[in-house]
Amino acid sequence: MTMLPPPRAILFDLDGTLADTAPDLAAAVNLLRSVRGLEPTAYDVLRPTASAGARGMIGASFGLKPEDAGYEELRLGFFSNYAAAIAVHTALFDGVPALLAGIEAAGLQWGIVTNKPMRFTDPLLPQIGLDHAACAISGDTTPHAKPHPAPLLEAARRLNLAPAQCWYAGDDLRDILAGQAAGMPTIACGWGYCGATEPLAWNADYLCQHPDDLLALLRQALAGRVLAA
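Just so it is clear: in the sequence shown, position 34 is 32 by our numbering, and no numbers are missing.
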C-alpha cells in the first residue's frame, strides 16, 4: 500500500455534513401538511431524508415522487416555506467549528459542494457562520448536480487545485459517488443523515463518525501516516 498524499483542501457537503438543517426542512414540509389539515409527519421519519432536499422531504411526508401528479405544487410550496424560515433551528454539528479551525490552522483551504439550490445556499451560509468558505458550489452552479462530478471539479478549479489534491466529505451515497467520479479521496460522514443505506456500504476511502475523527485523520495525513485505501 502507498501513503495517501495530504490534501491541500477539504470539500464538504452541507446538509447533514457541516450543518444540521433537518429541523428547518422538516418544518417547511410539515407546514404544507398543516395548511391542508393534515397531521405533521414525525421528525424521525423526515430526518434521514434531509440530504435529498425537497424530493426527500415530500417523498417521506406525502409519498410522492417528482413524476407524480401534485408533486410540483408541493415542491414550490416547500421552497417558499423553507426560504421564509431557513435558519430558525439550523446549526453546525458539534465538532464542525473545531474541524474547520483545524483545517485553517494547517494552512489548508476548505469549501462547500452541495446540491442545495443557490437561492438557499447563499442566504444560509452567513447565518450559520460558513460564509468564509474558500468556495461554495450549489446544486445549480453547474449544469449537473451530485452524484455527477461536475460540481466537485468546479470547486477544484476555483481553488486552482487538481481534484486529487482535494478530499471530499459527505453524509450520502451520492457524495461518495461524486467524489470517486471526480478522482478525489472520499470520507463518509457517519454523523450525518446517511439516507437509507449504511455508510459502510458506500466504499468510501474513510468513514468518520464525528468531525473530531476527520480532524485526526487530516493530522495523520499531514504527518504522512495515512495509507491509501
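The beta carbon of each residue, even a glycine, is placed where N, CA and C say it ideally should be.
Does the segment 69 to 87 come close enough to the segment 99 to 106 to have 3 or more Cβ pairs within less than 8 Å?
-> no
Where do the N-terminal and C-terminal ends of the beta strand (DSSP E) with Val86 fall, by residue?
-> No beta strand (DSSP E) contains Val86, which DSSP labels as neither H nor E.
Residue span of the alpha helix (DSSP H) that contains Gln125, given as start and end | Met116 to Gln125
Can at least three beta-carbon pairs, one atom from the segment 137 to 157 and one from the segment 30 to 49, be found at a separation below 8 Å?
-> no
Shortest alpha-carbon distance to Pro251 belongs to which of Ala219, Leu212, Arg223 and Leu220?
-> This structure leaves residue 251 out entirely; the chain is present only between -1 and 227.
For His208, the three-state DSSP class (helix, strand or coil) = coil
Using only alpha-carbon positions, find the residue among Gly190, Ala199, Gln163 and Ala221 that is nearest to Pro209.
-> Gly190
Determine the closest residue to Asp22 out of Met55, Pro5, Pro3 and Leu9, with distance taken between C-alpha atoms.
-> Met55
To which residues of the same chain is Thr139 closer than 7 Å at the C-beta, ignoring the five residues directly before and after it?
-> Met116, Pro149 and Glu152
Do you know offhand how far Gln125's Cα is from Thr195's?
-> 31 Å
Cβ shell of Tyr215 (< 8 Å), same chain only, five flanking positions each side left out = Note that residue 215 corresponds to Leu in the displayed sequence, not to Tyr. The beta carbon of Leu215 is closer than 8 Å to those of Ile185, Tyr204, Cys206 and Val224 in its chain, skipping five residues each way along the sequence.
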